[in-house]
Every structure is written in structure tokens, then in C-alpha cells.
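By my numbering, the letter at position 35 of the sequence shown is numbered 768, and the numbering carries on one by one without gaps.
Virtual Cβ for every residue (Gly too), placed ideally from N, Cα, C.
Since we're looking at a predicted model, the values are computed, not measured.
Some notes on the structure that comes next.
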Amino acid sequence: MSNHYYTLIAGLPHLPKRFDDSPRPPISRPRLEGWLANQLKPEDAEVANDMIAYLRWARHTQDETVEEVRDFCEGLLEKTSSRVLQEIVSFVMDMRTILVALRMRNKKMPAPVPGEEWGVGRLVERLRQNWNVPDFRLGRDYPWVGEFSSLLADGNTLALEHRINDVMWDFLRHIGEGHYFTFEAVLVYLGRWDIVDRWTSYNAQAAAEKHARLLMEAIGEQSALFA
Numbered sequence: 734m735s736n737h738y739y740t741l742i743a744g745l746p747h748l749p750k751r752f753d754d755s756p757r758p759p760i761s762r763p764r765l766e767g768w769l770a771n772q773l774k775p776e777d778a779e780v781a782n783d784m785i786a787y788l789r790w791a792r793h794t795q796d797e798t799v800e801e802v803r804d805f806c807e808g809l810l811e812k813t814s815s816r817v818l819q820e821i822v823s824f825v826m827d828m829r830t831i832l833v834a835l836r837m838r839n840k841k842m843p844a845p846v847p848g849e850e851w852g853v854g855r856l857v858e859r860l861r862q863n864w865n866v867p868d869f870r871l872g873r874d875y876p877w878v879g880e881f882s883s884l885l886a887d888g889n890t891l892a893l894e895h896r897i898n899d900v901m902w903d904f905l906r907h908i909g910e911g912h913y914f915t916f917e918a919v920l921v922y923l924g925r926w927d928i929v930d931r932w933t934s935y936n937a938q939a940a941a942e943k944h945a946r947l948l949m950e951a952i953g954e955q956s957a958l959f960a
């Protein structure tokens, strides 16, 4: 039976209705983690720490091998008894593997051969077998696959990142339904807080890069005038 945290959850700052509705998270990471450490029961604090570790790890996996990603995720799935955390990790694994397949296919790469290490999770073989089907025959369970594919083909990185976060936001809302003052609600809050933090950071970086690009273009145009 899940522990209840009426005071903790009632005291957490409200997240925006959508992840892109706020210029910054409503609470800083150190304050949020400190608050949870002080108020969660020991067994729940351990799971929350696993969730925090996973969210941090998930931001920096670009240089890791398929084996390293699989070992981390499967190790966490075996360790935790939290159904919500298991669902979150499994969904993220599926989404990442679908994105890997879409990127490979967008580069005109052939389907991986049986036994090839290229993805993680339960969809690897299904994706490989349906490589030449536009939505990998996954459209019923993952209706966003076609949209991801189009955004990748268009090279629209910002729109793709926005849509990825949008899908995750709705997924977390769905699995949080019925959990209002339970520990599961705390995990869902952590996941949605991370999306707000990641998007606002990504948006700020994109804005800075755009400003730098426009500045360099202006300098180039000015130099051409006086050449």
C-alpha cells in the first residue's frame, strides 16, 4: 500500500498547465530535492533518489553505448518496486529506441540485422521487422511516431524536442490519474518538473544560439558594406 503525503504534496508549488507555459520551474532543483529528502519515508526516499538519478542520467546518454544504456535501465527496473517508476523508465526506453530507429531510417540506413546491438527495450525486434513500414506498425500504440518521423525529415530540431516533451507530459499526466496524495504523485511531479526544467533550459540555449547567429550575420553584413 502506498504511503500518503498530504502535507508534502499540498506544499509543492503548482506546475504550469503545460511545460512550455513558464519561463522557469516553480522550484529550484536543490530546494525540491531537499524538501523530498526531509519529508519522505526512508523506503520512498530511496525510490525518489533512483528517479532523480534516472532523470539526470537520461539527459546525458549521447556518448553511452547501447549496452551501457540497457544495463542502467534494466538494473533500475530490477531494483525498484515502484510500478510508476517502472512505467516511466519503460516508456522512455521505448521512445528513445523509436527515435533511434527513425534517425537511422532518415539517414537511409538499412534495417539492423538480427542480433545487432542498436536499441534497448521491448520494441527492438518489432522495429527491425517493420523497418520499411512508415510507422513501424506502432501507430496504434504510439500515435506520435509519424509526426516524429516528419519532424526529423524536415530537420526541425526544436519542434521535435517540443513534441517529445509534449508526449512525455501527457504520459505522466495519464499514469498520475487517481494518485493525488500518494508517493506515486510525488514521482509524477518529479517527472513533470524535470520536463519543465529541461524545456526551459533547452529553449534558453536555443534563444542564445539564435541571438549569436543573428549577431554574426549582422557583423558579416556590416563588414561587407565596408569591404
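Residues that DSSP places opposite residue i in a beta bridge
i, result
"H737", "T915"
Residue i versus the options, residue with shortest Cα-Cα distance
i, options, result
"L769", "P843, Y922, W851, I928", "Y922"
"G808", "E776, P763, G854", "G854"
"T915", "R751, R764, P756, L773", "L773"
"G924", "N771, I821, A743, H793", "I821"
"R896", "N736, D874, D753", "D753"
"L920", "R764, N771, V780", "V780"
"G852", "D804, D783, Q819", "D804"
"N839", "V825, N865, E858", "N865"
"W932", "N898, R789, M826, G909", "N898"
"G879", "I831, Q819, R789", "I831"
"P759", "I928, E776, A791", "I928"
"E800", "E849, N771, K841, Y787", "E849"
"T890", "Y738, Y935, V802", "Y935"
"S823", "I742, L856, K841", "L856"
"P746", "H737, S761, P756", "S761"
"W902", "M842, V802, V825", "V825"
Residue i (DSSP reduced to helix, strand or coil)
i, result
"E755", "Residue identity check: residue 755 is Ser in the sequence provided, not Glu. If DSSP states are grouped into helix, strand and coil, S755 belongs with coil."
"L748", "coil"
"R873", "coil"
"Q868", "Before going further, note that residue 868 is Asp rather than Gln in the sequence given. DSSP places D868 in coil when its eight states are reduced to three."
"E910", "coil"
"S934", "helix"
"N898", "helix"
"S882", "helix"
"I760", "coil"
"G924", "helix"
Length at least 4, wholly inside the segment 763-799: the alpha helix (DSSP H) runs in chain order
Listed in chain order, the alpha helix (DSSP H) elements of length 4 or more contained wholly in the segment 763-799 are 775-791.
Three Cβ pairs or more, each shorter than 8 Å: is that satisfied between the segment 885-896 and the segment 833-842? The answer is yes - the segment 833-842 touches the segment 885-896, with three or more Cβ pairs under 8 Å.
When you compare the segment 811-821 with the segment 780-795, are there three or more beta-carbon pairs, one atom per stretch, that lie closer than 8 Å?
Yes: the two stretches touch, three or more of their Cβ pairs being nearer than 8 Å.
Self-check item: Residue ranges of each alpha helix (DSSP H) within the segment 794-859, 4 or longer
Solution: As far as the segment 794-859 is concerned, its whole alpha helix (DSSP H) runs of at least 4 residues are 799-812, 816-839.
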